[in-house]
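Just so you know, the sequences run in chain order A and B. All residue numbers for the first sequence refer to numbering that gives the first Met the number 0, where the first residue is 0 and numbers rise by one. All residue numbers for the second sequence refer to numbering that gives the first Met the number 0, where the first residue is 0 and numbers rise by one. Ideal Cβ placement from N, Cα and C applies to all residues, glycine included.
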Amino acid sequence: MKPNFLRALIWVLCLPAAPAWAQDADAPIQQLLQEHAKVIAKSSRKTIGPAIDALAASGLPEAKTVLERWQAKDMWYGKEDGLFVFAEKVDRKTLRIFDVSDGSEIGTVDPKTHKQLKPNSGIRGLIGAALVQFQLNDPDPAARLTALDAIERDANASHLTALRGAIENEPDDRIRARKMRLERLLTIRFGTDDAERIAAIDSFESDLGVDVRATLNPLIESRLEVAKEAPAGYDVLRVLQPGSEDLTRAAAHALLVESGFSAPVITRDDKRAALIANIRNGSVGGVQVADLNTDAARDLAYAELARAGAVDAVATAADIDAALAAHVFFERVVGAPPLVAHAALEALEAIETRVAMARTADLLLDGMSLASIYFLAAIGLAITFGVMGVINMAHGEFIMMGAYTGYVVQLLIPDYTVSILVALPLAFAVTFGAGVAMERLVIRWLYHRPLETLLATFGISIALQQIAKNIFGTQARPLTSPDWLDGSLIVNDIVSISYIRIAIFILALLFLALFLFLMNRTRLGLEVRAVTQNPRMAGSVGINPDRINMLTFGLGSGIAGIAGVAIGLYAKVTSEMGQDYIVQSFMTVVVGGVGNIWGTLVGATMVGFLQKGIEWMNPSNTLAAQTYMILFIILFIQFRPRGIIALKGRAAEA
Amino acid sequence: MTDAVLSQPSRSPFAMRHPSVLVFLVVLGLFTVAITVLSEGFGLGMISTSFVKTLGKTLCLCLVALAMDLVWGYCGILSLGHMAFFGIGGYAIGMWLMYERTRLIVVDSLAAAELPPTVQEISDGIATQIFGVVGASEFPPIWAVAHSLPLQLAAVVLVPGLLALIFGWLAFRSRVTGVYLSILTQAMTLALSLYLFQNDSGLRGNNGLSGLQNLPGLDDLPQSIVSVWFFWASALALGAGYLFCAWLVSGKFGSVIRAIRDDEARVRFLGYPVEGFKLLVFSVTAIIAGIAGALYYPQAGIINPAEIAPIASIYLAVWVAIGGRGRLYGAVIGAAFVSLLSTWFTGGQAPDLVLGPLVVQWVDWWTVLLGLSFVAVTLFAPKGIGGLFDLIADRRSPNRHGAALGPDPGALREREASE
């Protein structure tokens, strides 16, 4: 530090008129900066590393502030003395400078006497990385969490040491757990000792986190290689057979060609081009051009050309077979030392098993949620179709009416919670009214003619759909769920279920309970059952069958309206949404067994799980899933025409 | 089997016993001649080519409505899948049309190349042309016989027939009847259209098959001529179909299927193989629908899975119901009347209806009117438009003073009671 000190001394002696100086050139931080003054002043991302590392590793309390101010472009250095200061520009002529060691004000100077350090974004990134270790020990837990987030996003080897140093003094248990987990992840990535890396890898065998897999996957990175003999080394991950799922014959041969073990194959187009290029007097390789209209003739001509040396030889099918048989294909690990790679492979396999189990659980949840949606859509139908035997093809349109009611209510009442609470009973009222009107005007004239009921309700369905289209347009309308239904219940990285689906599930259960209570415990239910079984007898004991039919049909329609609100929250509201559910709803009721609510429940469960199951087998294609599901149901009805839970005895005859 | 059993000594000719058939054929013939004379291609040019096509398409719709009437009006099976068979027929002929036309184009373009094309090159070229839109370049197995017109024509008949046979056998043998059968057929239609909507179904997904109006090898022929050809073919098919259906329902076979419609159990107890009869009617009508589709789509020019959607089959039922089911000319009148009216209303040509401050634009409200009038027909005029002919012919049903006709009220058509 002597030359600097001398320089400062000279400075003092030569310029007695200089502004006030209380700058401590001897402070350890200043000395450290001076030691790296050249690279700091040069400000190049390539060379700055040692300077930042030295600051970060110095252990000086001021180092954090210096790094922060440097990053914020607040650090300047004197053109004459080379001393670093913090500075802020007061105006064009004045620069207020502060000491780097304690931040005390030194005074104001002319900006021309100092030069600002302007670290570029690359350097600022390096400084940020270095700052992380200070933030890891920050008294504010939020700052520590931010630092952990930063490391997770973009980690480097230096963080490992910083993190290890920050674990012991961590007061918060949860943050410490997170730090320890991150430390193990970083050990896997940057650890120098194979044993500690393997230990860290083994500790993650039951962890489903995506970050774990992202850390482990690069370790088992491998390169496909080919040789005459299988190598014996431990770095061979596995041996592959050409023509298997992981290595096609074409890929294997391409590797052989690349390694020079076999002649290339030529594409049909290239062969054609080569032949065209060698047409001489209307023939190629002794074959007339007009005869070259088969692949065999072209192969012959090409082979002739190759013999004459006009084109490169290509491998024939026999050559390829021989070359493939003569070589061994294997994967060599390149991502990590072999031992680590094998440990990572084992860990990944263990994780994969657990992931598969979690996926199954997730699939079951999905299936259950879909089942509850189908159940909700079908429960109204279970009343009108199942109990009364009325085919209502406009049932889907009642669902749509309920959903649009919810949409209109949301337009009028901006608070989503209140609007949902208003929309549910209102949707019931609207569709109850529509159902009663339809029963009075149309259906009651057709009770003995089920096919004509079906046709008439089709007519109503077409009309209602078009009316909705005319009023609300073809565009999908949103039905927004209240805040407390947003988001999902997250069990782990794979298993999660949105709150709306849970709400629909609960709603479905509520309706099941309501239905059971209504049918089995109330006077209305008793009368409904009586009228369904024998309307004349019921009439003769003082029940008004007309009134009961009207109420029952209204009830079934009203439930469809509520289902519409629930479905609207989960899917989009369009004039055609009813169509999406009507066939499935009928299927649900028929598969389950007409006239039995438990049958509808079982039917919905079966249809929901089945659809999710088929989607899982063929995830790219939900259309195919629906197709196969319908085919399955058609076949299923062959074997149980009366559904899963068939009514027996007198009830079945009604 | 019908004539041998029923032949009587004083049996008059078929046409005499069923004057409506003769009338229908004469009207159809006169109509065909009139359109030909007025068309652009062969006559005075007073009717545009596109209208000739519309009329030709309407004749095909009448044919499929006949099939629907046979299966529903006479046999009591409310099938919501006959438009699927119609669509299958269209796809079957469309595959050949598209393949052959593309092949001619590809061969044409390859003929200029230095080397004569190989079979493989031609096939690859066609596949790339046809399946480029769905990101494939190889022929799916379903196109195996697309190069052959006779085989694809056989497919027009066989595929709907076999599908109906298999589906019907499954459904009828497990005694699925009435509304359950309707829903099941609707599910089949839905499954088929969803399947065709996929890009990897091998039939170009929702792009469908297009350019079907161009006959391969006849590029020089103007559409005005081709449209009249197809019009003739459609008229011929409708006439033949009408004659066939009339013959089918006139004899003992017709009596049996009407009996099945009215009381299936009783017919079964009388010893008739009900399932066999139903299966035969279902399959035969599916074949008629397939033929109608094969004539319809070359005139429409394009077919896509939306044409097969369940709603199309529902409209078919609507036509037959409005026309009057249980009588063949009713189905034809219903299909022609409603589909032409639909074209007129949805084409934007109909004047707006002004109701005070409310202006009803028919493009938007026609479907509503159709749906509601369908309800009205079901409720108040189960005989449909065809019922008007009864008034003219003074063939009112006998007045039975309100007594029910059969075991199931409303099941029996009164007309049969008079026969």
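Is the beta carbon of Ala-462/A closer than 8 Å to that of Val-376/B? Translated into the one-based positions of the second sequence, residue 376/B becomes position 377. Translated into the one-based positions of the first sequence, residue 462/A becomes position 463. No, the pair does not count as a contact, with Cβ atoms beyond the cut-off.
Candidates Leu-568/A, Ser-43/A, Asn-216/A, Gly-48/A: closest to Ile-350/A by CA position: For the purposes of this step, residue 350/A is taken as residue 351 along the first sequence, with counting starting at 1. The shortest Cα separation from Ile-350/A among Leu-568/A, Ser-43/A, Asn-216/A, Gly-48/A belongs to Asn-216/A.
Counting only beta-carbon separations shorter than 8 Å, does Phe-196/B have a partner in chain A? Residue mapping note: residue 196/B aligns to position 197 of the second sequence, counting from 1. So, interface residue.
Mind listing the chain A neighbours of Trp-364/B? Cutoff is C-beta to C-beta under 9 Å, in chain order. Your numbering for residue 364/B matches position 365 in the second sequence. Result: Gln-465, Ile-466, Asn-469.
I'd like the list of long-range same chain contacts for Val-582/A, defined as Cβ closer than 8 Å, with 5 residues on each side in sequence excluded. For this step, residue 582/A is matched to residue 583 along the first sequence. Counting only Cβ-Cβ distances below 8 Å, and skipping sequence neighbours, we find Ile-629.
Pull up the distance between the alpha-carbon of Ile-278/A and that of Leu-109/B, whole angstroms please. In the first sequence, the residue the question calls residue 278/A occupies position 279. In the second sequence, the residue the question calls residue 109/B occupies position 110. Going by the C-alpha atoms only, they are around 17 Å apart.
Any C-beta of chain A within less than 7 Å: which residues of the region 184-213 of chain B qualify? Gln-185, Ala-186, Met-187, Leu-189, Ala-190, Leu-193, Tyr-194, Phe-196, Gln-197
Could you pull the DSSP bridge partners for Asp-98/A from this structure? If you number the first sequence from 1, residue 98/A lands on position 99. Asp-98/A is bridged to Val-84/A.
Can you tell me the Cα-Cα spacing of Gly-77/A and Ala-154/A, whole angstroms? As a position in the first sequence, residue 77/A is number 78, starting the count at 1. As a position in the first sequence, residue 154/A is number 155, starting the count at 1. Cα-Cα distance, rounded: 35 Å.
Of all Cβ atoms in chain B, is any one closer than 8 Å to the Cβ of Val-435/A? Here residue 435/A corresponds to residue number 436 of the first sequence, with the count starting at 1. Answer no: the Cβ-Cβ gap between Val-435/A and chain B never drops below 8 Å.
Residue(s) in a DSSP beta bridge with Lys-114/A: The sequence position of residue 114/A within the first sequence is 115, counting from 1. Answer is Tyr-76/A.
Enumerate in chain order the residues of its own chain whose CB-to-CB distance from Asn-398/B is below 6 Å, with the five nearest sequence positions on each side excluded. Taking the first residue of the second sequence as position 1, residue 398/B is located at position 399. Because Asn-398/B carries a pLDDT of 48, less than 50, the predicted location of this residue cannot be relied on, and no value is offered for it.
Comparing the C-beta of Phe-585/A with each C-beta of chain B, is any distance below 8 Å? Here residue 585/A corresponds to residue number 586 of the first sequence, with the count starting at 1. Yes, its Cβ sits closer than 8 Å to a Cβ of chain B.
In angstroms with no decimal places, state the Cα-to-Cα distance between Met-74/A and Leu-116/A. Position 75 of the first sequence holds residue 74/A. Position 117 of the first sequence holds residue 116/A. The straight-line gap from Cα to Cα measures roughly 6 Å.
Against chain B: residues of the region 444-465 of chain A by CB proximity under 7 Å: Trp-444, His-447, Arg-448, Pro-449, Leu-450, Glu-451, Leu-453, Leu-454, Ala-455, Phe-457, Gly-458, Ile-459, Ile-461, Ala-462, Gln-465
Beta-carbon proximity list for Ser-574/A, same chain, < 6 Å, skipping 5 on both sides: Reading the first sequence from its first residue, position 575 is the one you call residue 574/A. Once the five neighbours on either side are set aside, the close Cβ partners of Ser-574/A are Gln-464, Ala-467, Lys-468.
For a test of the three-state rule: what should DSSP assign to Thr-284/B, helix, strand or coil? Reading the second sequence from its first residue, position 285 is the one you call residue 284/B. Of the three classes helix, strand and coil, the one that applies to Thr-284/B here is helix, per DSSP.
With distances taken from CA atoms, which of Asn-168/A, Met-605/A, Asp-365/A, Ala-562/A is nearest Ile-644/A? By one-based count along the first sequence, residue 644/A stands at place 645. For Ile-644/A, the nearest C-alpha among the options comes from Met-605/A.
If the cut-off is 8 Å on Cβ atoms, which residues from the region 183-215 of chain A count as contacting chain B, listed in chain order? none
Quick one: give me the first and last residue of the alpha helix (DSSP H) that Ser-460/A is part of. For the purposes of this step, residue 460/A is taken as residue 461 along the first sequence, with counting starting at 1. Its alpha helix (DSSP H) spans residues 449-471.
Judging by CA-CA distance, which residue of Phe-83/A, Gly-281/A, Ala-55/A is the nearest neighbour of Lys-37/A? Locating residue 37/A in the first sequence gives position 38, counting from the first residue. The shortest Cα separation from Lys-37/A among Phe-83/A, Gly-281/A, Ala-55/A belongs to Phe-83/A.
Determine whether the Cβ of Pro-115/B lies closer than 8 Å to any Cβ atom of chain A. By 1-based counting over the second sequence, the position of residue 115/B is 116. With 8 Å as the cut-off, Pro-115/B counts as an interface residue toward chain A.
Quick check: the Cα distance between Ala-163/B and Leu-279/B, rounded to an integer number of angstroms? Start at 1 with the first residue of the second sequence, and residue 163/B comes out as number 164. Start at 1 with the first residue of the second sequence, and residue 279/B comes out as number 280. Looking at the two C-alpha atoms, the distance is approximately 9 Å.
Three CB pairs or more closer than 8 Å across the region 474-492 of chain A and the region 334-348 of chain A: no
Contact check, Leu-27/B vs Ala-291/B under 8 Å by CB: the rounded distance? As a position in the second sequence, residue 27/B is number 28, starting the count at 1. As a position in the second sequence, residue 291/B is number 292, starting the count at 1. Rounded, the Cβ-Cβ distance is 15 Å, inconsistent with contact.
Could you pull out every residue in the same chain whose Cβ sits closer than 7 Å to the Cβ of Ile-496/A, ignoring the five residues on either side in sequence? Position 497 of the first sequence holds residue 496/A. Around Ile-496/A: Leu-364, Ser-368, Ser-487, Leu-488.
Taking 8 Å as the threshold (beta carbon to beta carbon), is Pro-544/A in contact with chain B? In the first sequence, residue 544/A corresponds to position 545, counting from 1. No, no contact with chain B.
Could you check the C-alpha separation between Val-65/A and Val-131/A for me, to the nearest Å? Numbered from its first residue, the first sequence carries residue 65/A at position 66. Numbered from its first residue, the first sequence carries residue 131/A at position 132. Their Cα atoms are separated by approximately 14 Å.
Contact set for Ile-301/B: own chain, Cβ-Cβ below 8 Å, skip 5 residues either direction: The residue given as residue 301/B occupies position 302 in the second sequence. The residues are Gly-207, Leu-208, Ser-209, Gly-210, Leu-211.
Between Val-283/A, Asp-298/A, Arg-353/A, which lies nearest to Ala-312/A when the distance is taken from Cα to Cα? Taking the first residue of the first sequence as position 1, residue 312/A is located at position 313. With distances taken between Cα atoms, Ala-312/A lies closest to Asp-298/A.
Got a sec: is the Cβ-Cβ distance from Phe-171/B to anything in chain A below 8 Å? On the second sequence, residue 171/B is found 172 positions in, with the first residue counted as 1. Answer no: the Cβ-Cβ gap between Phe-171/B and chain A never drops below 8 Å.
Along the alpha helix (DSSP H) that carries Val-588/A, what are the first and last residues, could you check? Within the first sequence, residue 588/A is the residue found at index 589, counting from 1. Per DSSP, Val-588/A belongs to the alpha helix (DSSP H) from 576-591.
Can you name, in chain order, every residue of its own chain whose Cβ lies under 7 Å from the Cβ of Ile-259/B, other than the five neighbours on each side? Here the question's residue 259/B lines up with position 260 in the second sequence. Excluding positions up to five away in sequence, the list reads Cys-74, Gly-75, Val-266, Val-273, Phe-276, Lys-277.
Counting pairs of beta carbons, one from the region 249-259 of chain A and one from the region 220-228 of chain A, are three or more of them closer than 8 Å? yes
Does DSSP put Val-20/B in a helix, in a strand, or in coil? As a position in the second sequence, residue 20/B is number 21, starting the count at 1. Helix, per DSSP.
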